[in-house]
Every structure is written in C-alpha cells, then in structure tokens.
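Student: Mind the numbering: the sequence shown is residues 1193 to 1266 in our numbering, read in order. C-beta atoms are modelled at their ideal positions from N, C-alpha and C, and glycine is treated no differently. One structure follows; several queries about it will come next.
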Amino acid sequence: MLIEKRERWFELCKLATVEQDPSKMVELLREINRVLKEEAAFNRLLRVQQQEHQQLIDRWDSRVRERSASQESN
C-alpha cells in the first residue's frame, strides 16, 4: 500500500510538472495533497502502534525482571 501511494504521488508530480492547463494543474495538486495527507495519517498511525507495542514490551520486560528478582531472593 505504501509503495503504491508513493508511486502514485510520484506519477502525479511528474504530470504536474508538464501540465499546461491551469484547471488540470489544480486537480493534480489537489490529488497530490490528498495522497500526501493519507500517507501522513498512515505514518501517524504507524508511530502510535509502534509506541504502544514498545510500551507492551517494556511492561513485559519489567514483569520478567520483577519475577526473576523475586525468585532470586527466595
């Protein structure tokens, strides 16, 4: 999906560089903007998921350390 979006964005930019019709140029720029906004939203979601995943790993690691320390003291 991400690769397809980047390819689409790149194609739209190439088209925009040679477009002579102002109304078509505006439409291309709107589409470029839409694709970039979608990619930005996807990247934000990905960052949030990565942060949540790291928090789960940190909690799990903390519990493992606590259990290990508890077993060593017994």
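DSSP on Asp1213, reduced to helix/strand/coil?
Tutor: To locate residue 1213, count along the sequence shown from 1; it is residue 21. Here Asp1213 sits in coil by DSSP.
Student: Are the beta-carbon atoms of Leu1204 and Glu1231 separated by less than 9 Å?
Tutor: For the purposes of this step, residue 1204 is identified with residue 12 of the sequence shown, where counting begins at 1. For the purposes of this step, residue 1231 is identified with residue 39 of the sequence shown, where counting begins at 1. No, Cβ-Cβ distance for Leu1204 and Glu1231 is not below 9 Å.
Student: Quick one, are the C-beta atoms of Ala1233 and Leu1221 less than 9 Å apart?
Tutor: Against the sequence shown, residue 1233 aligns to sequence position 41. Against the sequence shown, residue 1221 aligns to sequence position 29. No, these two residues do not count as a Cβ contact at 9 Å.
Student: Verify whether the separation of the beta carbon atoms of Val1192 and Arg1200 is less than 9 Å.
Tutor: The requested residue 1192 does not occur in the structure, where the chain is confined to residues 1193 to 1266.
Student: Mind pulling the beta strand (DSSP E) runs of 3 or more residues that sit fully within the stretch 1217-1266?
Tutor: Those beta strand (DSSP E) runs which fall completely within the stretch 1217-1266 and span 3+ residues do not exist here.
Student: Roughly how many whole angstroms lie between the Cα atoms of Ser1260 and Arg1198?
Tutor: As a working note, residue 1260 is residue 68 in the sequence shown. As a working note, residue 1198 is residue 6 in the sequence shown. Rounded to whole angstroms, Ser1260 to Arg1198 spans 47 Å at the Cα level.
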